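For reference, the structure discussed in these notes is given below.
There are 2 protein chains.
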Amino acid sequence: MTKTGTIYGVGLGPGDPDLMSVRAHRLLGAANHVAFFRKAGRKGQARQIVDGLLAQDAVEIPMEYPVTTEIPVHDPRYNVLLSAFYEEVTQHLIALVQSGQDVVVLCEGDPFFYGSFMHLYARLRDVVPVEVVPAITGMSGAWTATETPITWGDDVLTVLMGTLPQDKLVDHIKRTDALVIMKIGSNYQKVVAALKDGGKFDDAWLVQFATMGKQTVTKLSDMTDSGTPYFSIIIVHGQGRRP
Amino acid sequence: MTKTGTIYGVGLGPGDPDLMSVRAHRLLGAANHVAFFRKAGRKGQARQIVDGLLAQDAVEIPMEYPVTTEIPVHDPRYNVLLSAFYEEVTQHLIALVQSGQDVVVLCEGDPFFYGSFMHLYARLRDVVPVEVVPAITGMSGAWTATETPITWGDDVLTVLMGTLPQDKLVDHIKRTDALVIMKIGSNYQKVVAALKDGGKFDDAWLVQFATMGKQTVTKLSDMTDSGTPYFSIIIVHGQGRRP
Chain C
1 MTKTGTIYGV GLGPGDPDLM SVRAHRLLGA ANHVAFFRKA GRKGQARQIV
51 DGLLAQDAVE IPMEYPVTTE IPVHDPRYNV LLSAFYEEVT QHLIALVQSG
101 QDVVVLCEGD PFFYGSFMHL YARLRDVVPV EVVPAITGMS GAWTATETPI
151 TWGDDVLTVL MGTLPQDKLV DHIKRTDALV IMKIGSNYQK VVAALKDGGK
201 FDDAWLVQFA TMGKQTVTKL SDMTDSGTPY FSIIIVHGQG RRP
Chain H
244 MTKTGTIYGV GLGPGDPDLM SVRAHRLLGA ANHVAFFRKA GRKGQARQIV
294 DGLLAQDAVE IPMEYPVTTE IPVHDPRYNV LLSAFYEEVT QHLIALVQSG
344 QDVVVLCEGD PFFYGSFMHL YARLRDVVPV EVVPAITGMS GAWTATETPI
394 TWGDDVLTVL MGTLPQDKLV DHIKRTDALV IMKIGSNYQK VVAALKDGGK
444 FDDAWLVQFA TMGKQTVTKL SDMTDSGTPY FSIIIVHGQG RRP
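As given, the protein sequences belong to chains C and H, one line each in that order.
Its first residue numbered 1, the first sequence is counted upward by one per residue in the working numbering.
Its first residue numbered 244, the second sequence is counted upward by one per residue in the working numbering.
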């Protein structure tokens with residue numbers, strides 16, 4: 001009888017390979033099967049991070065999204081396409097694991113923090129063994145890049161997605177001390193307007209490609225571009241108690 | 244002329260040494276001077292995490308808090324004592340660095356996320372070179388321990404300290420999707436009451452000693468103890484969009 005393998009959901013951290021965990025590094029070097037999401041026609045950001053760290057004979061399993069930004073996320077077709085895709089990928093991984101193979105799934109950032117891996121995890125966890133390796137979040141990479149602590153003392157930290165409606169963004173921006181905004185991309189102008197309404201625009205920083213070679217850190221009020229790439233995070237630092 | 248050294252504020256992650264970053268691991272093994280906070284008479288949690296990872300001849304610099312929970316944080320004497328302590332430690336580290344030594348300062352969790360190191364950083368950054376190595380936060384360790392993702396889709400995540408007034412806790416608990424509460428300890432009963440008022444008590448998990456040998460994960464409603472240790476984090480998972 002074949003021994004069932006394990007799926008490892010391995011967080012890679014914010015982008016600099018030197019910031020992945022010792023456990024992640026060890027699992028990658030030993031992996032025979034490595035799966036990762038990517039946009040069709042691209043190498044994939046997660047795969048890029050592990051360049052040079054995989055065994056020569058590791059079998060790579062690219063999982064290509066059928067859609068990324070071509071259809072808005074609230075369009076019903078988006079969910080239909082994505083859920084069929086996750087289902088198909090899940091069946092492929094289950095077959096591999098049941099044939100006795102371990103599979104490492106590469107995850108940008110921390111796997112359980114707004115990650116794509118979660119959609120596989122929800123489908124896999126009751127069927128085959130799954131282990132999750134946490135990682136440094138993209139937002140930790142971003143606030144470290146600003147060279148300023150994000151939260152002090154009793155500060156409240158709120159994490160918002162740029163995909164939220166503007167009035168909801170404003171409501172949360174007004175009430176928090178420290179703030180992180182992710183998933184900005186095409187929501188950039190809405191997010192900027194919400195920060196102005198919420199009174200935090202002047203204190204906001206935009207970090208692009210945190211911890212990666214092309215990292216930039218800019219006061220949001222100094223931005224001249226009308227948009228920003230996907231790997232962008234807005235940071236507003238807390239100002240709480242400090243002896 | 245002596246070359247000035249560098250202070251490295253090195254995040255160690257949530258507690259399992261296997262979860263520190265590759266960079267942190269390398270810096271620790273090469274360090275000649277290693278400083279860390281601890282409560283007087285204790286070994287210190289940060290020092291404990293790096294057991295077996297330091298060079299035999301590394302010089303250890305324990306920094307002992309003059310006060311931890313003996314005086315409430317809002318008592319004016321607390322700030323006076325702490326700020327004199329941070330000042331003294333800072334002067335010692337500056338002298339070492341100016342004599343040409345590098346110093347690794349051990350930081351539990353991520354250095355810029357509610358960390359004690361920030362109080363040194365604020366005093367050091369304009370005087371000597373300081374580099375900060377981000378790390379996996381204690382909260383990432385805690386939500387991974389629950390084996391359930393913390394945030395999906397557009398979920399709002401709010402991070403609260405148990406030291407906040409109860410009405411402020413309730414206000415934020417009501418408005419968020421996903422929730423993390425830290426600094427619980429002696430605030431445990433207040434936090435429980437706030438979660439009940441805010442309608443999230445039944446969905447809350449208590450994680451003690453996340454990623455460490457004595458880790459426990461308990462539904463908060465199943466807790467029979469009237470208190471909880473310092474290394475405790477409450478988690479309420481978001482329920483957002485998922486294809």
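Don't be surprised by glycine CBs; every beta carbon is placed ideally from N, CA and C.
All figures in this text were calculated on a predicted structure; none of them were measured in a lab.
Every unbroken alpha helix (DSSP H) inside the region 280–307 of chain H [4 residues or more]
288–292
Under 7 angstroms, CB to CB, which of the residues in the region 307–341 of chain H have a partner in chain C?
Asn-322, Leu-325, Ser-326, Tyr-329
Roughly how many angstroms separate the alpha carbons of H/Thr-380 and H/Arg-269, rounded to a whole number?
Taking the first residue of the second sequence as 1, we reach residue 380 of chain H at position 137. Taking the first residue of the second sequence as 1, we reach residue 269 of chain H at position 26. In this structure, the alpha-carbon of H/Thr-380 lies about 19 angstroms from that of H/Arg-269.
Per the DSSP calculation, H/Ile-477 is bridged to which residue(s)?
Here residue 477 of chain H refers to the residue found at position 234 of the second sequence. The partner list for H/Ile-477 (beta bridge, DSSP) reads H/Ile-424, H/Leu-449.
Quick check: what's the CA-CA separation for H/Ser-464 versus H/Ile-250?
As a working mapping, residue 464 of chain H is identified with position 221 in the second sequence. As a working mapping, residue 250 of chain H is identified with position 7 in the second sequence. For H/Ser-464 and H/Ile-250, the distance between alpha carbons rounds to 44 angstroms.
Do C/Lys-183 and C/Met-161 come within 8 angstroms of each other at the CB atom, strictly closer than that value?
Counting from 1 along the first sequence, the entry for residue 161 of chain C is found at position 161. Counting from 1 along the first sequence, the entry for residue 183 of chain C is found at position 183. Taking 8 angstroms as the Cβ cut-off, C/Met-161 and C/Lys-183 qualify as a contacting pair.
Grouping DSSP H, G and I as helix and E and B as strand, with all else coil, what is H/Val-310?
Taking the first residue of the second sequence as 1, we reach residue 310 of chain H at position 67. It is coil, neither helix nor strand.
Run down chain C in chain order and give the residues with a C-beta less than 8 angstroms from the C-beta of H/Arg-281.
For the purposes of this step, residue 281 of chain H is identified with residue 38 of the second sequence, where counting begins at 1. Here the premise fails: no neighbours, minimum Cβ distance about 17 angstroms.
Specify whether the region 32–46 of chain C and the region 437–456 of chain H touch according to this definition: at least 3 beta carbon pairs, one from each stretch, less than 8 angstroms apart.
no
Buried or exposed (CB count within 10 angstroms, at least 16 for buried), C/Asp-57
If you number the first sequence from 1, residue 57 of chain C lands on position 57. Exposed.
Which residues does DSSP list as the beta-bridge partners of C/Tyr-8?
Numbered from 1 along the first sequence, position 8 holds the residue referred to as residue 8 of chain C. Looking at the DSSP assignment, C/Tyr-8 forms a beta bridge with C/Val-104, C/Glu-131.
Do the region 365–378 of chain H and the region 140–150 of chain C meet, that is, are 3 or more Cβ pairs less than 8 angstroms apart?
yes
Could you compute how far the alpha carbon of H/Gly-441 sits from the alpha carbon of H/Ile-416?
Residue mapping note: residue 441 of chain H aligns to position 198 of the second sequence, counting from 1. Residue mapping note: residue 416 of chain H aligns to position 173 of the second sequence, counting from 1. Taking the straight line from one Cα to the other gives about 5 angstroms.
Kindly indicate which residue of C/Ser-140, C/Asp-154, C/Ser-226 has the alpha-carbon position closest to the one of C/Asp-16.
As a first step, residue 16 of chain C is located in the first sequence; it is residue number 16 there, counting from the start. Of the candidates C/Ser-140, C/Asp-154, C/Ser-226, the one whose C-alpha sits nearest the C-alpha of C/Asp-16 is C/Ser-140.
What are the start and end residues of each continuous beta strand (DSSP E) run of 3 or more residues lying completely inside the region 152–177 of chain C, in chain order?
157–161
Taking only beta carbons into account, state which residues of the region 261–273 of chain H come closer than 9 angstroms to chain C, listed in chain order.
Those would be Asp-261, Leu-262, Met-263, Ser-264, Val-265, Arg-266, Ala-267, His-268, Arg-269, in chain order.
Through-space distance from C/Phe-36 to C/Arg-77, alpha-carbon basis:
Position 77 of the first sequence holds residue 77 of chain C. Position 36 of the first sequence holds residue 36 of chain C. Whole-angstrom Cα-Cα distance: 23 angstroms.
Alpha-carbon spacing of H/Leu-325 relative to H/Lys-457, whole angstroms:
Position 82 of the second sequence, counted from the start, is the residue given in the question as residue 325 of chain H. Position 214 of the second sequence, counted from the start, is the residue given in the question as residue 457 of chain H. Whole-angstrom Cα-Cα distance: 31 angstroms.
For a quick check, are the C-beta atoms of C/Gly-5 and C/Gly-115 less than 8 angstroms apart?
Stepping through the first sequence from its first residue, residue 5 of chain C is reached at position 5. Stepping through the first sequence from its first residue, residue 115 of chain C is reached at position 115. Taking 8 angstroms as the Cβ cut-off, C/Gly-5 and C/Gly-115 do not qualify as a contacting pair.
For C/Arg-175, which residues from the same chain have a beta carbon less than 8 angstroms from its beta carbon, with the 5 sequence-adjacent residues on both sides left out?
Counted from its first residue, the first sequence places residue 175 of chain C at position 175. These residues qualify, in order along the chain: Val-156, Thr-158.
Quick check on DSSP: helix, strand or coil for C/Thr-224?
Translated into the one-based positions of the first sequence, residue 224 of chain C becomes position 224. In the structure shown, C/Thr-224 falls within a coil segment according to DSSP collapsed to helix, strand and coil.
With H, G and I counted as helix, E and B as strand and the rest as coil, what does DSSP make of H/Ser-342?
As a position in the second sequence, residue 342 of chain H is number 99, starting the count at 1. Looking at H/Ser-342 - three-state DSSP - the assignment turns out to be coil, as it is neither helix nor strand.
Within chain C, partners of H/Thr-387 - CB distance below 7 angstroms
Counted from its first residue, the second sequence places residue 387 of chain H at position 144. Neighbours of H/Thr-387 on chain C, chain order: Phe-112, Val-132, Pro-134.
May I have the straight-line CA-CA distance separating C/Gly-41 from H/Asn-275, to the nearest angstrom?
Along the first sequence, read from residue 1 onward, the residue named residue 41 of chain C stands at position 41. Along the second sequence, read from residue 1 onward, the residue named residue 275 of chain H stands at position 32. C/Gly-41 and H/Asn-275: Cα-Cα distance of roughly 48 angstroms.
Can you check whether the C-beta of H/Pro-372 is within less than 8 angstroms of a C-beta belonging to chain C?
Looking up residue 372 of chain H in the second sequence gives position 129. No - not a single Cβ of chain C is within 8 angstroms of the one on H/Pro-372.
Listed from N- to C-terminal order along the chain, which residues in the region 382–412 of chain H have their beta-carbon within a distance smaller than 7 angstroms of any beta-carbon of chain C?
Ser-383, Gly-384, Trp-386, Thr-387, Pro-392, Ile-393, Thr-394, Trp-395, Asp-397, Val-399, Leu-400, Thr-401, Val-402, Leu-403, Met-404, Thr-406, Leu-407
Between C/Thr-137 and chain H, is any beta-carbon pair separated by less than 8 angstroms?
Residue numbering aside, residue 137 of chain C sits at position 137 when the first sequence is read from its first letter. Answer yes: the Cβ-Cβ gap between C/Thr-137 and chain H drops below 8 angstroms somewhere.
Does H/Ser-383 come out as helix, strand or coil in the three-state DSSP assignment?
Start at 1 with the first residue of the second sequence, and residue 383 of chain H comes out as number 140. It is helical.
Express the C-alpha separation of C/Ile-181 and H/Lys-462 in angstroms, rounding to a whole number.
On the second sequence, residue 462 of chain H is found 219 positions in, with the first residue counted as 1. On the first sequence, residue 181 of chain C is found 181 positions in, with the first residue counted as 1. The straight-line gap from Cα to Cα measures roughly 30 angstroms.
Have a look at H/Leu-349 and H/Thr-311 and give me their C-alpha separation to the nearest angstrom.
For the purposes of this step, residue 349 of chain H is taken as the residue at position 106 of the second sequence. For the purposes of this step, residue 311 of chain H is taken as the residue at position 68 of the second sequence. Cα atoms of H/Leu-349 and H/Thr-311: separation of roughly 18 angstroms, rounded to the nearest angstrom.
Contact defined as beta carbons within less than 8 angstroms: I believe C/Leu-179 pairs with C/Val-217. What is the distance between those atoms, to the nearest angstrom?
For this step, residue 179 of chain C is matched to residue 179 along the first sequence. For this step, residue 217 of chain C is matched to residue 217 along the first sequence. C/Val-217 and C/Leu-179 do not touch by the CB rule: their CB atoms are close to 16 angstroms apart, not below 8 angstroms.
Interface partners of H/Tyr-364 on chain C, CB under 8 angstroms:
One-based indexing of the second sequence puts residue 364 of chain H at position 121. Among the residues of chain C, those whose CB is under 8 angstroms from the CB of H/Tyr-364 are Pro-149, following chain order.
For C/His-172, would you say it is in contact with chain H, using Cβ-to-Cβ distances shorter than 8 angstroms as the test?
For this step, residue 172 of chain C is matched to residue 172 along the first sequence. C/His-172 counts as touching chain H.
Answer with yes or no whether the minimum CB distance from C/Met-244 to chain H is below 8 angstroms.
Given that chain C is displayed from residue 1 to residue 243, the structure contains no residue 244 of chain C and the question cannot be resolved.
What does a CB cutoff of less than 6 angstroms around C/Pro-111 pick up in its chain, not counting 5 residues either side in sequence?
The residue you call residue 111 of chain C lines up with position 111 of the first sequence. Cβ-Cβ distances below 6 angstroms link C/Pro-111 to Gly-9, Gly-11, Phe-117, Val-132 in the same chain, with the five nearest sequence neighbours on each side left out; the list follows chain order.
Please name the residue, chosen from H/Arg-484, H/Tyr-431, H/Thr-406, that lies closest to C/Gly-240 on a Cα-to-Cα basis.
The residue labelled residue 240 of chain C in the question sits at position 240 within the first sequence. Closest by alpha carbon: H/Thr-406.
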